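Peer 1: One structure, as C-alpha cells, below. Some questions next.
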Amino acid sequence: MRARAAVCMLVGVVLVAPAGGPAGAVGFSNPTTITIPGPAAFFQADPYPSTIEVSGVGGVVSDLTVQLIGIAHTFPDDIDVLLVGPTGVKVILMSDVGSDDAISGVSVLIDDTAAASMPDTSQLFSGTYRPTTFGAGFDGTSPAPAGPYELALSAFDGTSPNGTWSLFVYDDANAANTGSISVGWSFDVATAPTITSFAPTSGTPGTSVTITGSGLTGATSVTFGGAPATFTVDSDTEITATAPAEAETGLIAVVTPSGTGTSADSFTVVSLEHHRSVSLSVGRKARGTVVADDDFAACESEVPVRVQHRERGRWRTIGTDITDTNGGFVVPGTREAGRYRAIASRVTLSSDDVCLKATSPAVSN
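In terms of this note's numbering, the numbers along the sequence shown are unbroken and rise by one, the last being 424.
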C-alpha cells in the first residue's frame, strides 16, 4: 500500500498527492465506505456507484493505478468491481477472485505493470496486482453500463481525466455473504501533454510559434522535426517557441515529466536560402535577368551582377550592374567576339535571407 497525503477536501472527495506513483501523477480518492451489498438494492453495493469528480487536470491519461482500501468480505469470490471513466471507457478491476476464504482489512493496488494477478482459488492478501477477472466477468446491473468491458487500465490512455469516475461494486451471489471496502478507493493518474494547434503553421528558422494544447505545464523540451527549440511555458494550455536554426519540416513535440505530446500536422520550414537563375544575351551590350526560383523578389531586384569575358583561358570581369525592380540588368562593352557569362553574387539580406550565387550559361557574341 502506498502512503498518501491529503491536500484538500472537495465535497467529500479528497485530492491526494501520490507517493511512488507515475512521474507527474496526481491522486484522487473517495474515502466513503462501500457496503457490499447495500440495503437498498439486492446485490448492488452502497453507494452504487461510488464516484470521484476530477477537474482542471491538463493533458490526456498516460498512466493510471487504482487502490481499493480495506476490503472485507465473507466470500470474496462474490465481488465484482468495474471502473468507468469520464469518457465511458469501462474496465473490470476484479471479478470472482480470492475463492471462499474470508478476508478483512485487505488493500489492493491495481496496476497493469504488476508482476502478479489476483488469485482464483486461494486467499486474497494485500498487495499489488494486475486487473484480474475469472468466471463470467462483471455481472453488475444498471446503472452500471453493459459490456463488453476492457481488462486493462491502459484502456484509459489517451482519454480526458476530467469528469466523473464511477466505481461499481457488485455482489454476484447472494446477500448471505457480506462485506465492505471500509476506506473507499483512490486512483493516481499521470497525464501526457496534448498539442491541438500551432500558429503560424510555417516559417523560417527564428519564427515565433504559439503552441496550443493541454498539460503543457512543466514542459522540459520542445522540438521541431526533432530539432530542439527555445521556448517559454505561458500557461498549461500555451507555449511560445522559436523555430530553431536546425529545424526541418516535421512534427512539433512537447515533452513533460509525464509524457510526450505530438502535433498531428507538420510545421513547414521555409528555407532562408533562395536559389536563383540568370539569363544572358550579348550584342553591343550584355542584357539579362535574375530570377529567384521561389519568386522571392528581394533576391531579384537591386542585387549586384557582374559580366565576364573569356580571355586567354580565364574569365575577366568587364562590367557590373545593379538589377532593376524586375531583375533586369545591362552591362556595356561586349562588342568583342568571344564567350560571356553573368554572375549574380551571393547576398545576405538584413532579414537573414540568403540569395545564393547564380551563374548564367556562357553565350557567344
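The beta carbon of each residue, even a glycine, is placed where N, CA and C say it ideally should be.
This one's a predicted model, so the numbers in the text were calculated from it and none came from an experiment.
CB of L226 to nearest heavy atom of the ligand MN: below 6 Å?
Peer 2: Ligands in the displayed structure: none, and consequently the ligand MN is not present.
Peer 1: Do you know how far the Cα of L212 is from the Cα of T21?
Peer 2: Outside the modelled stretch of the chain, which goes from 60 to 424, sits residue 21, for which no answer is possible.
Peer 1: Measure the alpha-carbon distance for A232 versus S219 and round it to whole angstroms.
Peer 2: 35 Å
Peer 1: Mark M153 as exposed unless 16 or more other C-beta atoms lie within 10 angstroms of its C-beta, in which case mark it buried.
Peer 2: Buried is the call here.
Peer 1: Taking just the CA atoms, how far does T172 sit from R405?
Peer 2: Looking at the two C-alpha atoms, the distance is approximately 59 Å.
Peer 1: Hey, quick one: how far does the beta strand (DSSP E) through E112 stretch, first residue to last?
Peer 2: S109 to V113
Peer 1: How many whole angstroms separate the CB atoms of I151 and L210, which I take to be in contact at a CB cut-off of 8 Å?
Peer 2: 6 Å
Peer 1: Could you pull the DSSP bridge partners for N89 from this structure?
Peer 2: W244
Peer 1: Can you check which of these residues, V116, P391, G284 and A403, is closest to V337 by C-alpha distance?
Peer 2: Per the Cα distances, A403.
Peer 1: In the structure shown, what three-state DSSP assignment does L212 receive?
Peer 2: helix
Peer 1: Would you report the Cα separation of N236 and H132, rounded to the nearest angstrom?
Peer 2: 7 Å
Peer 1: Touching or not, the stretch 290 to 310 and the stretch 263 to 270, by the rule of three or more beta carbon pairs under 8 Å?
Peer 2: yes
Peer 1: Grab me the residues of T276's own chain with a C-beta within less than 8 Å of its C-beta, minus the 5 sequence neighbours each way, in chain order.
Peer 2: G117, V292, S294, D295 and T315
Peer 1: Would you give the residue range spanned by the beta strand (DSSP E) that E370 belongs to?
Peer 2: Its beta strand (DSSP E) spans residues P363 to E370.
Peer 1: Could you please give the first and the last residue of the uninterrupted beta strand (DSSP E) stretch that includes Q126?
Peer 2: Per DSSP, Q126 belongs to the beta strand (DSSP E) from V119 to H132.
Peer 1: Could you give the distance in angstroms between the alpha-carbon of A84 and the alpha-carbon of D170?
Peer 2: 14 Å
Peer 1: Taking 7 Å as the limit between beta carbons, can you name the residues of its chain near E361, skipping five residues before and five after?
Peer 2: I381 and T382
Peer 1: Is it buried or exposed, E359, if we count other Cβ atoms within 10 angstroms and call 16 or more buried?
Peer 2: Buried, by the Cβ-count rule.
Peer 1: Leaving out five residues on either side along the sequence, give the residues of the same chain with a beta carbon under 7 Å from the beta carbon of Q182.
Peer 2: G157, S158, D160 and I162
Peer 1: Count the C-beta pairs between the stretch 337 to 347 and the stretch 387 to 396 that are closer than 8 Å, then say yes if the count reaches three, no if not.
Peer 2: yes
Peer 1: Using CA coordinates, which residue listed in V281, T384, S322 and E370 is at the minimum distance from S423?
Peer 2: E370
Peer 1: What do you reckon, are the CB atoms on G274 and P252 nearer than 7 Å?
Peer 2: yes
Peer 1: For a quick check, are the C-beta atoms of T223 and P145 less than 7 Å apart?
Peer 2: Yes.
Peer 1: Please classify A323: does DSSP put it in a helix, a strand, or coil?
Peer 2: strand
Peer 1: Contact check, S166 vs G129 under 8 Å by CB: the rounded distance?
Peer 2: With a Cβ gap of about 6 Å, S166 and G129 count as contacting.
Peer 1: Under 7 Å between the Cβ atoms of V119 and G217?
Peer 2: yes
Peer 1: Check this for me: beta carbons of S435 and G309, under 7 Å apart or not?
Peer 2: Only positions 60 to 424 of the chain appear in this structure, which leaves residue 435 out of reach.
Peer 1: Leaving out five residues on either side along the sequence, give the residues of the same chain with a beta carbon under 6 Å from the beta carbon of V242.
Peer 2: P90, I128 and G129
Peer 1: What are the residues that DSSP puts in a beta bridge with I311?
Peer 2: F283
Peer 1: If F102 sits next to Y229, beta carbons under 8 Å apart, how far is it from one beta carbon to the other, in whole angstroms?
Peer 2: 6 Å
Peer 1: By DSSP's criteria, H333 is part of a beta bridge. Which residues make up the other side?
Peer 2: C414
Peer 1: Use the C-beta contact count for P96: other C-beta atoms within 10 angstroms, 16 or more gives buried, fewer gives exposed.
Peer 2: buried
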